[in-house]
Amino acid sequence: MDATHDRTPQGDAAGDPAGTAEQFDVTVRRSPKYSVFMAVGALVGAVAGWLIASAMPPAVDENGLAVDTTPVIGLMIVAGFVLGGALGALVAVIIDRSLSKRATATVAERVEVRRPDALTTADDDALEARFERLGGDAPVAGAGPVDPAVPGAGDPERREDDRPGQA
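Just so we're aligned, residue 1155 is where the sequence shown starts under the working numbering, counting upward by one.
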């Protein structure tokens, strides 16, 4: 990948987010999903193996008695599954090779935006305050707002060792 670097600042020095942009020459092409081709091929192969094994006439031994050929059906399903998966992968490789001829070159741009550390929002401050409040001991009565999402946060007598359901 041939890279052409064009670093240009995005924003101004008055507190707006600043960033840089880089441009790269890239090649874009389509590619098949190999797993889908292999799964469909395996499924079709298993069904074909089952149909072939079921359509075969019943076998007879030298005495003219019918022989149970049920295990052959399972073997044909497994063989069809493996061969179908392999053929599906081969079809995906052939399609991938044909699509690689249609690859196009283009320019991609990666932009990095940085926010100055001095800028914080009210939500960031509220999250930090809530984190600090939840990290300590149980709140003292009258010490501030109580978070209803924390069980037992409003009860100053309750400690961690006497939670309900624990001995």
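Just so you know, even glycine gets a beta-carbon here, dropped at the ideal spot from N, CA and C.
Computed from a prediction, not measured in an experiment: that's the story for all the values here.
If I1231 and G1203 are in contact, beta carbons under 8 Å, what's the gap, nearest whole angstrom?
-> Residue 1231 sits at position 77 when you count from the first residue of the sequence shown. Residue 1203 sits at position 49 when you count from the first residue of the sequence shown. Confirmed, Cβ separation roughly 5 Å.
Buried or exposed: where does G1239 fall if 16 or more other Cβ atoms within 10 Å of its Cβ makes it buried?
-> Numbered from 1 along the sequence shown, position 85 holds the residue referred to as residue 1239. By the neighbour-count rule (16 or more Cβ atoms within 10 Å), G1239 is buried.
Please work out which residues of its chain come closer than 7 Å, Cβ to Cβ, to A1233, disregarding the five sequence neighbours upstream and downstream, and give them in chain order.
-> Counted from its first residue, the sequence shown places residue 1233 at position 79. Once the five neighbours on either side are set aside, the close Cβ partners of A1233 are G1203.
Residue environment, M1210, which counts as buried when at least 16 other CB atoms sit within 10 Å = As a working note, residue 1210 is residue 56 in the sequence shown. Exposed is the call here.
Residue of E1263, R1251, S1252, A1243 minimising C-alpha distance to L1197 | Residue numbering aside, residue 1197 sits at position 43 when the sequence shown is read from its first letter. Of the listed residues, the one whose Cα sits closest to L1197 is A1243.
Nearest-angstrom Cα separation, counted from Q1177 out to T1162 = Locating residue 1162 in the sequence shown gives position 8, where the first residue counts as 1. Locating residue 1177 in the sequence shown gives position 23, where the first residue counts as 1. The pLDDT assigned to T1162 is 49, lower than 50, so where the model puts this residue is not dependable; a value taken from the coordinates is nonetheless given after this. Spanning the two alpha carbons is a distance of roughly 10 Å.
Length of the line joining the Cα atoms of A1207 and I1227 = What you label residue 1207 is simply residue 53 of the sequence shown in a count that begins at 1. What you label residue 1227 is simply residue 73 of the sequence shown in a count that begins at 1. Roughly 5 Å separates the two Cα atoms.
Quick one: residues in its chain with C-beta nearer than 6 Å to the C-beta of M1192, no 5 flanking neighbours on either side, listed in chain order?
-> In the sequence shown, counting from the first residue as 1, residue 1192 sits at position 38. Excluding positions up to five away in sequence, the list reads G1239, G1242, A1243.
Quick one: what's R1264 bridged to in DSSP?
-> For this step, residue 1264 is matched to residue 110 along the sequence shown. According to DSSP, R1264 bridges with E1176.
A1167 burial status per 10 Å Cβ neighbour count (16 or more: buried) | In the sequence shown, residue 1167 corresponds to position 13, counting from 1. Only weak support exists for where A1167 lies, its pLDDT of 46 falling under 50; the coordinates are left without a value.
Have a look at V1180 and K1255 and give me their C-alpha separation to the nearest angstrom.
-> In the sequence shown, the residue the question calls residue 1180 occupies position 26. In the sequence shown, the residue the question calls residue 1255 occupies position 101. C-alpha separation (whole angstroms): 15 Å.
For the candidate residues P1212, E1216, L1229, whose alpha-carbon lies nearest to that of D1222?
-> Numbered from its first residue, the sequence shown carries residue 1222 at position 68. When only C-alpha atoms are compared, the closest one is P1212.
CA-to-CA distance, G1199 to P1225, given in whole angstroms = Numbered from 1 along the sequence shown, position 71 holds the residue referred to as residue 1225. Numbered from 1 along the sequence shown, position 45 holds the residue referred to as residue 1199. For P1225 and G1199, the distance between alpha carbons rounds to 17 Å.
For T1223, which beta-bridge partners are listed by DSSP?
-> By 1-based counting over the sequence shown, the position of residue 1223 is 69. Beta-bridge pairing links T1223 to no other residue.
Mind reading off the beta-carbon distance from A1259 to Y1188? Whole number of angstroms is fine, and I expect it under 8 Å.
-> Counting from one through the sequence shown, the residue named residue 1259 turns up at place 105. Counting from one through the sequence shown, the residue named residue 1188 turns up at place 34. The Cβ separation is near 25 Å, so there is no contact.
Let me know the secondary structure DSSP gives A1259 once reduced to three states.
-> Here the question's residue 1259 lines up with position 105 in the sequence shown. If DSSP states are grouped into helix, strand and coil, A1259 belongs with the strands.
Residue range of the alpha helix (DSSP H) that includes S1185 = The count along the sequence shown starts at 1 and reaches residue 1185 at position 31. Taken as a continuous stretch (DSSP letters only), S1185 belongs to no alpha helix (DSSP H), as it is neither H nor E.
DSSP beta-bridge partners of A1213 = If you number the sequence shown from 1, residue 1213 lands on position 59. In the DSSP output, where bridge partners are listed per residue, A1213 has V1221.
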